[in-house]
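Student: Numbering (the numbering used here), first residue to last: 1 to 63.
Yeah, the Cβ is synthetic: ideal placement off N, Cα and C, and Gly gets one too.
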Amino acid sequence: MSRITKEMTIGEILVANPDAASILMEAGMHCLGCPSAQGESLEEAALVHGMDIDDLMTKINAL
């Protein structure tokens, strides 16, 4: 499995590791299938949702 980066879109992350969905949902990103998930990076989404990107990355890459 490839390592997830904060530059990847949420859509790319879910293709690379579908288990990341539970981490993202738990963090408050409930719209994983919305158009924004295909166009914005995880870092951009974290900023919009007021999340700590480093904490999120640690959890996702621990899967």
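Under the rule that 16 or more other beta-carbon atoms within 10 Å means buried, what is Met8, buried or exposed?
Tutor: buried
Student: So what does DSSP say about Thr58, is it helix, strand or coil?
Tutor: helix
Student: Can you list, in chain order, the residues of its chain with a C-beta nearer than 6 angstroms to that of Ile60? Leave out the 5 residues immediately preceding and following it.
Tutor: Around Ile60, the same chain offers Ile4, Ala20, Ile23 as residues with beta carbons nearer than 6 angstroms, after the five sequence neighbours per side are excluded.
Student: Given a threshold of 16 other Cβ atoms within 10 Å of its Cβ, counted over all protein chains shown, does Leu42 qualify as buried or as exposed?
Tutor: buried
Student: Just checking: is the beta-carbon of Pro35 within a distance shorter than 8 angstroms of some beta-carbon in chain C?
Tutor: Given the protein chain composition of this structure (a single chain), no chain C is represented.
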